[in-house]
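Sequential numbering from 185 applies to the sequence shown in my numbering.
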Amino acid sequence: MQQKIQLENIIKDRKKVSTLIINVITQKMSVLEALKNYPKNIYDASLNAAFHALVHFEADEDLRKKDALYKQEQDEYLEEIATTLAKGESLPVNIIKSYEKYHKESLIYPDVKDKNNIWQRLKKIINL
């Protein structure tokens, strides 16, 4: 029963992320706004990969303005991610692995209720 509930929550979160990604691509929402509304499920590799894809989308803003082909390819890539997540499915392993290679740990903050939690997380990331 517990596993079924977990799976239902993961599927619900994937569908929500799909909507967030589409809203970003169609400029109905900023990346920052999408990330603020992102589910806090740090255990789903697909959600982690999609989170990284959105962060990279934001980081590539200047490149997207200069290179129309790059912009188109990145939009299509995010659309593919959104389409897969809209079905509640896991992302293909190659997409997940492409982000795990650079980000060993989830960037999603599951609990940011206090400054200490944020400080501990930052110290770990920047090796203090």
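Cβ coordinates follow ideal geometry from the N, Cα and C atoms, glycine included.
Every value quoted in this text rests on a predicted model; they were computed, and no experiment measured them.
Of the residues assessed, aspartate 246 falls on the exposed side of the cut-off, its CB having fewer than 16 other CB atoms within 10 angstroms. For glutamine 211, the three-state secondary structure derived from DSSP is coil.
Cβ atoms of serine 274 and serine 230 come within 8 Å of each other, at about 5 Å. Along the region 189-272, the alpha helix (DSSP H) occurs as fully enclosed runs of 4 or more residues at 215-220, 229-243, 245-250 and 252-270, listed in sequence order.
For lysine 285, there is no enclosing alpha helix (DSSP H), as DSSP marks it with neither H nor E.
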